[in-house]
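For reference, the structure is listed below as structure tokens.
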Amino acid sequence: EFKGYVYDYNSLMARSYRYKDPDYTLFRSVTPSWDNIARRPKTGAVFSGTTPERYREWLRNAVADTIRRFDEPSKRLVFINAWNEWAEGAYLEPDGVYGYGYLEATRQALEDYKIKPPLNEASNRKKLVLVAHDGHPHGAQYLSLNLARVFSSEFGFEVDLVVLGEGILI
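Right, dumping it as structure tokens:
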């Protein structure tokens, strides 16, 4: 009775070796996994065959392509669809199967391409952008604020918050 879609993660990852140069600004995106059958029984979509190693390879290729296409560091963006959404399988959090595997794979893929900031860079601090749904006083929003505080004060990051909606926490 299943009428959804099953995609081979290997084919998605393999396409990243054949990226074409678009004639418009395109930011690459990857995801460690996807399975939204819990939200869409019998009609969902699943990425089959996901592993931290394959995710690392896909992310690494997306980063390499981005660095090749964009000279300006502020335009070197790669999006990771992993909002820690367990009901859709899109998460980087540790789990019982891979432990910290996806987080470690993310670190490894990014460390492969460490780039020194330009000499005229005003700040030598590492930069981080956090995106929140809105500014309403709820758990995820407080978590975003706390992450920003800790990354700034404890780890020395320059943190920008992008908040997509209204709320008193703005």
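Taking the numbering used here, the leading residue of the sequence shown gets -5, the next gets one more, and so forth. Cβ coordinates follow ideal geometry from the N, Cα and C atoms, glycine included.
Whole runs of the beta strand (DSSP E) within the segment 60 to 134, excluding any shorter than 3 residues: 72 to 74, 121 to 126
Assuming GLY165 contacts ARG34 under a Cβ cut-off of 8 Å, what Cβ separation, rounded to an integer in Å, is found between them? An answer regarding residue 165 cannot be provided, because it is not within the stretch -5 to 164 covered by the chain.
Selection from PHE(-4), GLU(-5), ARG54, TYR13 that minimises the alpha carbon distance to TYR96: ARG54
Using the three-state DSSP reduction, which class does LEU155 fall into: helix, strand or coil? strand
How about MET7 and GLU51: are their beta carbons less than 7 Å apart? Taking 7 Å as the Cβ cut-off, MET7 and GLU51 qualify as a contacting pair.
Are the segment 120 to 128 and the segment 138 to 153 touching by the rule of at least three beta carbon pairs closer than 8 Å? Output reads yes: the segment 138 to 153 touches the segment 120 to 128.
Would you kindly report the start and end of the unbroken alpha helix (DSSP H) that includes ARG9? Following the DSSP letters along the chain, one finds ARG9 inside the alpha helix (DSSP H) bounded by residues 3 to 9.
Three-state class that DSSP yields for ARG12 in the structure shown: helix
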